[in-house]
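The opening residue of the sequence shown carries number 9 in this note's numbering; numbering runs sequentially from there.
For each residue, glycine too, the CB sits at the ideal point set by N, CA and C.
Heads up, the thing below is written out as structure tokens.
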Amino acid sequence: MTHAAAGQPSDRELLAAVYPQASWPPLDVERLALLVIDLQLLCAAPDRGMFAAAAALGRPDLLEPYRRRLTDVVVPNTAALGDAARRRGVPVVFTKIESLTPSGAERSGCHRALDLHVPPGDADGEILPALAPEADDLVVAKTASDAFVGTNLEYLLRNLGVAHLAVCGVLSHECVESTVRHAADLGFVCHVVEDACAAVEEERHAMAMRDLGQSYAEVTTTAALLDVLDDPRARTGGGRV
9 MTHAAAGQPS DRELLAAVYP QASWPPLDVE RLALLVIDLQ LLCAAPDRGM FAAAAALGRP
69 DLLEPYRRRL TDVVVPNTAA LGDAARRRGV PVVFTKIESL TPSGAERSGC HRALDLHVPP
129 GDADGEILPA LAPEADDLVV AKTASDAFVG TNLEYLLRNL GVAHLAVCGV LSHECVESTV
189 RHAADLGFVC HVVEDACAAV EEERHAMAMR DLGQSYAEVT TTAALLDVLD DPRARTGGGR
249 V
């Protein structure tokens, strides 16, 4: 590894010059939707899913950092964003892992390999009670990491007139990252809310945020997005978050 001499640009700065960071249009509140990814009992309830598996191994401590981030940061921030979005008339869209059939025969190859299956109507498919969808919210069931694969998510967003997505949920480096990459390729402008996302390992979360912020999205915070959602002066093209 080479090191920059005093006053000289670092390797990272030089790499940025040849592999520049993407530049996105300003946030358009009037064409925004809040996309909440997989904050359901399977993935985020402290007595289910991976948490139950860790407890069965006698090592619940393995997921304690993830549990704390969900409880103390991600869920409260997502709830605040949902409330602000609804007040502003911004659509709120939830995704959840849930099969269409009891056997899960239609699942993606990835979910088959992971043995990931939530039968229709199973409690694991329920959105966390603290984030319970309201009457005009949309809930999209999926059987792949990418929420656009095998669902009508793009169709719904286009019908709603959405061009910008504020994205939060889990896991940062899996379903969140897969969905945001696809959304960017579809032409949506994504604003990933860093402190409303989580991964089981902090390092994976940090890397996902770095990679998404480089090429696929604006990475923002709950506070910055709330400032825009709660500002009556924020209009079309109202500013970056």
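Could you check how far apart the C-beta atoms of residue i and residue j are, in whole angstroms? I think they sit under 8 Å.
i           : j           : result
residue 90  : residue 22  : That pair is no contact at about 42 Å.
residue 109 : residue 156 : Actually they are not in contact, since the Cβ atoms of residue 109 and residue 156 sit about 21 Å apart, beyond 8 Å.
residue 100 : residue 93  : 5 Å
DSSP state of residue i, grouped into three classes?
i           : result
residue 59  : helix
residue 44  : strand
residue 9   : Unreliable positioning characterises residue 9 in this predicted model, as indicated by a pLDDT of 47, which lies under 50. A coordinate reading is not provided.
residue 226 : strand
residue 119 : helix
residue 202 : strand
residue 23  : helix
Along the chain, where does the alpha helix (DSSP H) containing residue i start, and where does it finish?
i           : result
residue 112 : First-last for residue 112: undefined, no H or E at that position.
residue 146 : Where residue 146 is concerned, there is no enclosing alpha helix (DSSP H), although the beta strand (DSSP E) it sits in stretches over 146–150.
residue 165 : 161–167
residue 86  : 83–96
In whole angstroms, give me the CA-to-CA distance for residue i and residue j.
i           : j           : result
residue 143 : residue 48  : 18 Å
residue 102 : residue 114 : 21 Å
residue 171 : residue 179 : 23 Å
residue 163 : residue 176 : 20 Å
residue 141 : residue 95  : 14 Å
residue 97  : residue 76  : 31 Å
residue 235 : residue 66  : 43 Å
What do you reckon, is the C-beta of residue i under 7 Å from a heavy atom of the ligand FMN?
i          : result
residue 68 : By its list of ligands, the structure shown contains no ligand whatsoever, and the ligand FMN lies outside what it can speak to.
In the DSSP assignment, the beta strand (DSSP E) including residue i goes from what residue to what residue?
i           : result
residue 51  : No beta strand (DSSP E) contains residue 51, which is instead part of the alpha helix (DSSP H) from 49–52.
residue 239 : From DSSP, residue 239 is part of no beta strand (DSSP E); its letter is neither H nor E.
residue 191 : Here residue 191 belongs to no beta strand (DSSP E); instead the alpha helix (DSSP H) covers 185–194.
residue 100 : 100–105
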